[in-house]
């Protein structure tokens, strides 16, 4: 029997200072069970843009084991700071409003349950 996704609904006030983009977004996300390399390959062939976000305590190990395999794919790969992701996760509910301000390689996130900051590192970037 297939595992069902968990659905989240967010209302986001986005301020992206990197691209001078300011929007209000209504976003529905499905949290699916783990993806595998074959599904990533298929997605990267079918989509104009494919991004992989790594955000757990073993991201460095995952990257060292998969870097060579992933270099041949047209995918951007971004690693988030695990401790900061955990701090954000404590503030997330299945339905919520929040604001995000992006500057450089960090995001400041304000929610009703508190604020936090998340940083990321670009591991692989596809030339466009």
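Numbering (the working numbering), first residue to last: 6 to 133.
Cβ coordinates follow ideal geometry from the N, Cα and C atoms, glycine included.
All of these numbers come straight from a predicted model, not from anything done at the bench.
#1: Could you give the distance in angstroms between the alpha-carbon of residue 125 and the alpha-carbon of residue 82?
#2: Which residues in the same chain have their Cβ closer than 7 Å to the Cβ of residue 115, if we skip the five residues on either side of it in sequence?
#3: Are there 16 or more other CB atoms within 10 angstroms of the CB of residue 77, so buried, or fewer, so exposed?
#4: Label residue 99 either buried or exposed according to how many other C-beta atoms from any shown protein chain fall within 10 Å of its C-beta, with 16 as the threshold for buried.
#5: If you reduce the DSSP assignment to three classes, tell me which class residue 110 lands in.
#6: Determine, for residue 44, whether the minimum Cβ-Cβ distance to residues of chain B falls below 8 Å.
#7: Secondary structure at residue 130, three-state DSSP: helix, strand or coil?
#8: Going by DSSP in three states, residue 46 sits in which element: helix, strand or coil?
#9: How would you call residue 8, buried or exposed, if buried means at least 16 neighbouring beta carbons within 10 angstroms?
#10: Provide the residue span of the beta strand (DSSP E) that contains residue 11, from first to last.
So, from the listed chains and residues:
#1: Roughly 10 Å separates the two Cα atoms.
#2: Cβ neighbours of residue 115 beyond the five flanking positions: 103 and 104.
#3: Residue 77 comes out exposed.
#4: Residue 99 counts as exposed, since fewer than 16 other C-beta atoms from the protein chains shown sit within 10 angstroms of its C-beta.
#5: Coil, per DSSP.
#6: Absent here is chain B; the protein component of the structure consists of one chain.
#7: Here DSSP, grouped into helix, strand and coil, assigns residue 130 to coil.
#8: For residue 46, the secondary structure class from DSSP, reduced to helix, strand or coil, is helix.
#9: Exposed.
#10: Secondary structure note for residue 11: its beta strand (DSSP E) is the uninterrupted segment 11-21.
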